[in-house]
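Visitor: Residue numbers (our numbering), protein chains in the order written: chain A, 233 to 568; chain B, 62 to 530. Every residue gets a Cβ at the ideal spot worked out from N, C-alpha and C, and that includes glycine.
Written out as structure tokens, the structure reads:
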């Protein structure tokens, strides 16, 4: 296989990893005002992702760096073109990241409240805007003959992209709720279960509309239909399994949903990486015209082939180390 | 063009601001990771309680600091594409590789084991838990290597060829890229400086408590450790800084000329180094200066009769080679940044040496001595920042030396309003977080090490407390 094509799928896999992992982090953050009635409950919620949010967020740094190295043109067009949404995502990620570390450093109620709000906003904004950004990439954006984005900010807020954003927001919220179900117990757990049922049904409706729209836009491309179908079945399965209180399986199924949904976008895109709405034949970025040289790709392939299995191994081990549920007792036994 | 809304100028301000800010946290992360690992190793091997207290105490400061390093680091990676897309298209084939290596080999490792270390106190065996902080320390240094190798390409491009058809630089040798002589000197220089910063923090905190006669059992060894680290790291920073200036003279002679504001080529005794200069506002004529003869020759060539090229000669040579244009950086910035960097570095070694002398055999110095020690921490951060300002401003007008100018590298369709929005946004958020961050680190530092809890079984075995958010 052509190495550039291989890297298209590696970049896709890294974004899938990012959206599965940071997706449930975002979901936990979004759930704070809905589930955390008391401070101790909000602490339990935050501690469910305490040891892993940083490594989950690192996936986007690695995905971005690999995009830069393997497809400099794609990286340049995407990041310069989507300047303001990415700026908002950055501010959100900054506020969210420091809040985890800062909120427990002082006992004042107003101090904690401020950081709870920042965690919530810092989770909603990227969960929404990543969907908007990726939907726009698939839909196509106006690029000039130098592959520079010329559409302005408001052009990015079209109905299809906004639906994509709401889809990722809901999907991440749902996967966060399923993660909370795996990691908590008692009253909080019961509340999360109730909310998960409701959010599950809304997510099915919204995600299905987005996938159908994507299928139509792809002019009924077979791969798009297949991946969309997998995403839809997995999502319905996840909601059903959650209803049957199969916590592990429902979380696994929602992870499959996220993976299949992101894959839907990548297979729809293929072999383009950023189709242009102006002169698509000449102005579109493709795997071929956006990729790095054969030498760079070959070297990078060696690194990725060796490193990625090890990365999955030690990150998996971390989740195993912190597999226990977080309870009020865990929080109170600690020093802070 | 309206200068206030020039995307180039605004983007440069934004990159400078966010990068200097990011690098206030990075040196502490790098330096403290190893420091904490050393304290924890000492506890593991000796079982002495004060080592555990020091581990957890500086571990807490490390944790407050590291989150800022992580989140401000994402901005750095995104900005290359957001504000400098022409640069990204031009160098991505070369420059992207070390960034991807950093991510795949270092960042994942660091982020994973930081979580394991913070939350794993009572979940892992002591040996495995100790190993996790060493993993973090190793990964921070490794990531510094890749990013410095990427930066070194901008200072001294190697291992590439120009693909005229695609209009970009393409990697031809990853080995050459990663063994760039500038990187080989800049890496140990930077790492040693990181240890100066972390030692500065330790000395400042220990001085604060010792001047109040409190936490003596932990802070006395901490002070000693901090002062020796400061002295050793200072010497190493100077040694590798000297190596780096040799590499700089060989690859970017204009930067050395700008560092000394040397307008005309000079040899031997004339290649003097000015400690202080007061010149005309345009910086071209000096009115008063204190000069050390031969020193610039020594710094640049390691000999007394070396020749150091001047700005005018280099400007003429570059104009012939690259076409008309200005090829010198802003001289007053490079001149003063270079002096502040060296001056503060020497100041630290002096503080460390004097500190070791006045506290020998448990002596306690006067109060103002402790004050000086406390200020060595902000001074070390300042030294680090002016060092980076020097090396990056000294590279101008180039973004990649000899290949691409900064003015040609900015994203073509970016508007001034967009950059103004993000610049204001970053300034407000970074400013507010700096206040919070400083307050939290100060609070943790002033509180001092917490007493260690002992096991429930009635024995005196110390038990590390678990961390939760």
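So residue 478(A) contacts chain B; which residues on that side make the cut at Cβ distance below 9 Å?
Guide: Near residue 478(A) there are no residues of chain B at all, since even the closest Cβ is about 27 Å away, more than 9 Å.
Visitor: Taking the alpha-carbon positions, what's the residue 425(A) to residue 389(A) distance?
Guide: Approximately 33 Å between the Cα atoms of the pair.
Visitor: Tell me which residues share the same chain as residue 480(A) and place their Cβ nearer than 6 Å to its Cβ, disregarding the 5 neighbours each side in the sequence.
Guide: Excluding residues within five positions, none has a Cβ falling inside 6 Å.
Visitor: Which class does residue 326(B) belong to by DSSP, given the choice of helix, strand or coil?
Guide: Residue 326(B) falls in the coil class under three-state DSSP.
Visitor: Please compile the residues from chain B whose C-beta is within a distance smaller than 9 Å of the C-beta of residue 554(A).
Guide: Ordered by position in chain B, the residues that pass the 9 Å Cβ test against residue 554(A) are 176, 177, 180, 181, 184.
Visitor: Could you give the DSSP three-state label for residue 531(B): helix, strand or coil?
Guide: Not covered by the structure: residue 531(B). The range shown for chain B is 62 to 530.
Visitor: Name, please, each residue of chain B whose Cβ falls closer than 8 Å to the Cβ of residue 275(A).
Guide: Under the 8 Å cutoff, chain B gives 529, 530.
Visitor: For the region 211–224 of chain B against the region 125–143 of chain B, do three or more pairs of beta-carbon atoms, one drawn from each stretch, fall closer than 8 Å, so that the two count as touching?
Guide: No, because fewer than three Cβ pairs between the region 211–224 of chain B and the region 125–143 of chain B fall closer than 8 Å, the two stretches do not touch.
Visitor: Here's the rule: buried if 16 or more other CB atoms are within 10 angstroms of the residue's CB, otherwise exposed. What is residue 429(B)?
Guide: Exposed, by the Cβ-count rule.
Visitor: When you check each C-beta in the region 152–164 of chain B against every C-beta of chain A, which residues fall closer than 9 Å?
Guide: The region 152–164 of chain B vs chain A, Cβ under 9 Å: 152, 153, 154, 155, 156, 157, 158, 159, 160, 161, 162, 163, 164.
Visitor: Just to check my reading of the structure: residue 435(B) and residue 265(B) have Cβ atoms closer than 8 Å, yes? What is that Cβ distance to the nearest angstrom?
Guide: At roughly 5 Å, the Cβ-Cβ gap stays under 8 Å, so residue 435(B) and residue 265(B) are in contact.
Visitor: Would residue 518(A) and residue 504(A) qualify as a contact pair, given that the criterion is a beta-carbon distance under 8 Å?
Guide: In contact: residue 518(A) and residue 504(A) (Cβ atoms closer than 8 Å).
Visitor: Evaluate the contact criterion for the region 365–383 of chain A versus the region 336–356 of chain A: three or more CB pairs, one atom per stretch, below 8 Å.
Guide: Cβ pair count under 8 Å is below three, so no.
Visitor: Going along the chain, which residues of its own chain have a beta-carbon closer than 7 Å to the beta-carbon of residue 471(B), five neighbours each way excluded?
Guide: Cβ neighbours of residue 471(B) beyond the five flanking positions: 68, 69, 72, 144, 145, 147.
Visitor: For residue 274(A), which residues in the same chain have their Cβ closer than 7 Å to its Cβ, ignoring the five residues on either side in sequence?
Guide: Cβ within range, chain order: 264, 268, 348.
Visitor: From residue 556(B) to residue 409(B), what distance separates their C-alpha atoms?
Guide: Residue 556(B) is absent from the structure shown; chain B starts at 62 and stops at 530.
Visitor: Between which two residues does the alpha helix (DSSP H) harbouring residue 140(B) extend?
Guide: From DSSP, the alpha helix (DSSP H) with residue 140(B) extends over 110–144.
Visitor: Using CA coordinates, which residue listed in 260(A), 409(A), 548(A), 488(A) is at the minimum distance from residue 281(A)?
Guide: Considering only alpha carbons, the answer is 260(A).
Visitor: Inspect the beta-carbon positions of residue 339(B) and residue 348(B) and report whether they are closer than 8 Å.
Guide: Yes, Cβ-Cβ distance for residue 339(B) and residue 348(B) is below 8 Å.
Visitor: Between which two residues does the beta strand (DSSP E) harbouring residue 232(B) extend?
Guide: Run containing residue 232(B): 229–232, per the beta strand (DSSP E) assignment.
Visitor: Just curious, the alpha helix (DSSP H) that residue 250(A) is in, first and last residue?
Guide: Per DSSP, residue 250(A) belongs to the alpha helix (DSSP H) from 235–267.
Visitor: For the beta strand (DSSP E) holding residue 223(B), just list the boundary residues, first then last.
Guide: Unbroken beta strand (DSSP E) run through residue 223(B): 221–224.
Visitor: Specify, as a first and last residue, the run of the alpha helix (DSSP H) that residue 368(A) falls within.
Guide: Residue 368(A) -> alpha helix (DSSP H) spans 341–371.
Visitor: Taking the alpha-carbon positions, what's the residue 470(A) to residue 166(B) distance?
Guide: Using only the alpha carbons, I get a separation of about 34 Å.
Visitor: Kindly list the residues whose CB is nearer than 6 Å to the CB of residue 487(A), restricted to its own chain and excluding five residues on each side of it in sequence; keep chain order.
Guide: Within the same chain, residue 487(A) has close Cβ partners 252.
Visitor: Here's a check: name, in chain order, each residue in its chain whose Cβ is nearer than 6 Å to the Cβ of residue 248(A), leaving out the five neighbours to either side.
Guide: These residues qualify, in order along the chain: 491, 494.
Visitor: Using the C-alpha atoms, what's the distance from residue 86(B) back to residue 127(B)?
Guide: Looking at the two C-alpha atoms, the distance is approximately 7 Å.
Visitor: For my contact list, residue 243(B) and residue 312(B) are in at a C-beta cut-off of 8 Å; report their separation, rounded to the angstrom.
Guide: With a Cβ gap of about 6 Å, residue 243(B) and residue 312(B) count as contacting.
Visitor: What are the boundary residues of the alpha helix (DSSP H) that includes residue 294(A)?
Guide: Start and end: 285–302.
Visitor: Taking only three categories from DSSP, how would you classify residue 558(A)?
Guide: Of the three classes helix, strand and coil, the one that applies to residue 558(A) here is coil, per DSSP.
Visitor: Within 10 angstroms of the Cβ of residue 379(B), are there 16 or more other Cβ atoms? Answer buried if so, exposed if not.
Guide: Buried: at least 16 other Cβ atoms inside 10 Å.
Visitor: Let me know if residue 552(A) comes out buried or exposed under the rule of 16 or more other beta-carbons within 10 Å of its beta-carbon.
Guide: The residue is exposed, with fewer than 16 neighbouring Cβ atoms inside 10 Å.
Visitor: Since I believe residue 529(B) is in contact with residue 563(A) (beta carbons under 8 Å), could you give me their beta-carbon distance rounded to a whole number of angstroms?
Guide: Yes, residue 563(A) and residue 529(B) are in contact; Cβ-Cβ is about 6 Å, under 8 Å.
Visitor: Are the C-beta atoms of residue 438(B) and some chain E residue less than 8 Å apart?
Guide: Of the protein chains in this structure, namely A and B, none is chain E.
Visitor: Among the residues of its own chain, which have a CB less than 7 Å from the CB of residue 304(B), if the five just before and after it don't count?
Guide: If we look at residue 304(B) and ignore the five residues flanking it on each side, its Cβ neighbours are 246.
Visitor: Strictly under 8 Å for the Cβ-Cβ distance: is residue 321(B) near chain A by that measure?
Guide: No, because no Cβ of chain A sits closer than 8 Å to the Cβ of residue 321(B).
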